[in-house]
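Have a look at the structure below, then the notes.
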Amino acid sequence: MKTYHSDLPKIEEFVQLNGKTLLEVGCGDGRLTALLASKVEATTAIDPDDNSIEAARKNVNGVTFLVGSGEKLDFANESFDIVLFSYSLHHQDCVKALAEAKRVLRQDGHILIIEPTSDGEFTLLVSIFEKDEILRLQQTLDYVSSGAFNILRKETYGVDYPYADRSALYNHFMNKFMTAKDDHAVEKMEVVLGNKNNGEPIIIKDIVNIFLLRKSMQKKT
12 MKTYHSDLPK IEEFVQLNGK TLLEVGCGDG RLTALLASKV EATTAIDPDD NSIEAARKNV
72 NGVTFLVGSG EKLDFANESF DIVLFSYSLH HQDCVKALAE AKRVLRQDGH ILIIEPTSDG
132 EFTLLVSIFE KDEILRLQQT LDYVSSGAFN ILRKETYGVD YPYADRSALY NHFMNKFMTA
192 KDDHAVEKME VVLGNKNNGE PIIIKDIVNI FLLRKSMQKK T
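What follows is the structure in structure tokens.
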């Protein structure tokens, strides 16, 4: 399994970006959006979190950032060439979100779904703070893989996330994901990290699925 430092190489391998209009659903603070923006004709990116959208607007130029949910897209029919769910489909009603994605896609458009597996280091760390993370992930992946959709291509790859040191790693996860006090959070994280090298930087690995779906997603019966 090949490992990358971002999802961009796999996205470019799966779909033609040049000259396309892209909607990214679940853009967060714009980490991936910044890499995509120069590759396409126009980018619109949404996220339900106001603070994330505010940060994205400060960090990334040339992108239309909006607060919004994939379950109810505020766009006209056939508005985009590509709809990308970047680690976001399992955070919403995936049935509604995929139906909306199909609605706003042009006739020759594609849907890209990027979702981690349940056994990558990064996902296991997130699951310490988001108790239903693994369950939501599995339900979403099961739905996408259920046979109801016309999946053109699917692959699994690795993504590395570097942190300056263990302290930076702890702070990132606690600041981003901790919604309730947990005095044992560091201990739980250490269980996931195991004997990982204590050197600097520390690399957290994730295992990621990427799916490419047609505009006409449902298979004919």
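With the working numbering as the guide, the letters of the sequence shown map in order to residues 12 to 232.
Here a beta-carbon is modelled for each residue, glycine too, at the ideal position from N, C-alpha and C.
Cβ neighbours of Asp61 within its own chain (closer than 8 angstroms, five residues either side excluded): Val78.
Judged by beta-carbon spacing, Lys226 lies beyond the 8 angstroms limit of Leu47, meaning their Cβ atoms are not closer than that value.
Scanning the segment 116-168 from its first residue to its last, the whole beta strand (DSSP E) runs of 3-plus residues come out as 116-127. Secondary-structure assignment with DSSP links Glu35 through a beta bridge to Ala56, Leu95.
In the three-state scheme derived from DSSP, where H, G and I count as helix and E and B as strand, Lys50 is classed as coil. Restricting attention to Cys38, Ile93, Ile57, the CA atom closest to the CA of Asn29 is found in Ile93. Counted as a single uninterrupted DSSP element, the alpha helix (DSSP H) harbouring Phe25 occupies residues 19-25.
Bounds of the alpha helix (DSSP H) holding Phe184 are 177-188. With a threshold of 16 other beta carbon atoms within 10 Å, Pro127 meets it and is buried. If you ignore the 5 residues before and after Ala56, its C-beta comes within less than 6 angstroms of the C-beta of Glu35, Cys38, Thr44, Val74, Phe76, all in its own chain and listed in chain order. Taking C-beta separations shorter than 8 angstroms and ignoring five residues to either side along the sequence, the partners of Lys216 in its chain run Thr14, Gly131, Glu132, Phe133, Gly169, Val170, Asp171, Tyr172, following chain order. The beta-bridge partner set that DSSP reports for Pro173 consists of Ile214.
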